[in-house]
Each structure stands twice: as C-alpha cells, then as structure tokens.
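Chemist: Take a look at this one; I'll ask things after.
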Amino acid sequence: MTAEPLPFPWDAVLHAGLAGLRLSPREFWSLTPRELHAALGGRSPRAGTPDRAGLEALMRAFPDASPAA
Numbered sequence: 040m041t042a043e044p045l046p047f048p049w050d051a052v053l054h055a056g057l058a059g060l061r062l063s064p065r066e067f068w069s070l071t072p073r074e075l076h077a078a079l080g081g082r083s084p085r086a087g088t089p090d091r092a093g094l095e096a097l098m099r100a101f102p103d104a105s106p107a108a
C-alpha cells in the first residue's frame, strides 16, 4: 500500500514569497520553482548546532557581562 502524497504547502510558499521575500504578486508568479527555491536559501549550507566544546569556546569568546556591583 502506497501512502498518499502530501498536498503542496501553498500557504507556506505564498507567505515565504510575499511576506518573507517581500515579492510583489507579479514577481512571485514570474519565478520558476527553482528560482524561488534559490531565493529562499534552498541551496545554502545550513549551520549545525555546536557541540559542547564549540559552545564552551563561544562562551569564552563572548562571556556574559557581569552586572555592575
């Protein structure tokens, strides 16, 4: 038995294009799916979550300011 495909998320895509990218409706509908994917950062590498050592290095590099006594 094959699972039914999920419907295309038009609400999310329209919101990303019109509100997130601030495209006009004409600009949005002129884009190809590949262009929209690239504009939304689909080809950009994603930053990973730092491990414990990375977090400690960040904490040393950017310590919280001590409250004035």
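Letter by letter, the sequence shown follows residues 40 to 108 of my numbering. For every residue, glycine included, the Cβ atom is placed at its ideal position computed from N, Cα and C.
Below 8 Å, can you find three or more Cβ-Cβ pairs linking the segment 60-78 to the segment 88-107?
Modeler: No contact exists between the segment 60-78 and the segment 88-107.
Chemist: With 16 as the cutoff for other CB atoms within 10 Å, does residue 5 come out buried or exposed?
Modeler: Outside the shown range of the chain (40 to 108) lies residue 5, about which nothing can therefore be said.
Chemist: Residue 73 lies in the alpha helix (DSSP H); which residues open and close that run?
Modeler: Taking the first residue of the sequence shown as position 1, residue 73 is located at position 34. Its alpha helix (DSSP H) spans residues 72-78.
Chemist: Quick check on the DSSP output: the alpha helix (DSSP H) that includes residue 62 runs from which residue to which?
Modeler: Position 23 of the sequence shown, counting from 1, holds the residue named residue 62. Counting along the chain, residue 62 falls outside any alpha helix (DSSP H), and DSSP gives it neither H nor E.
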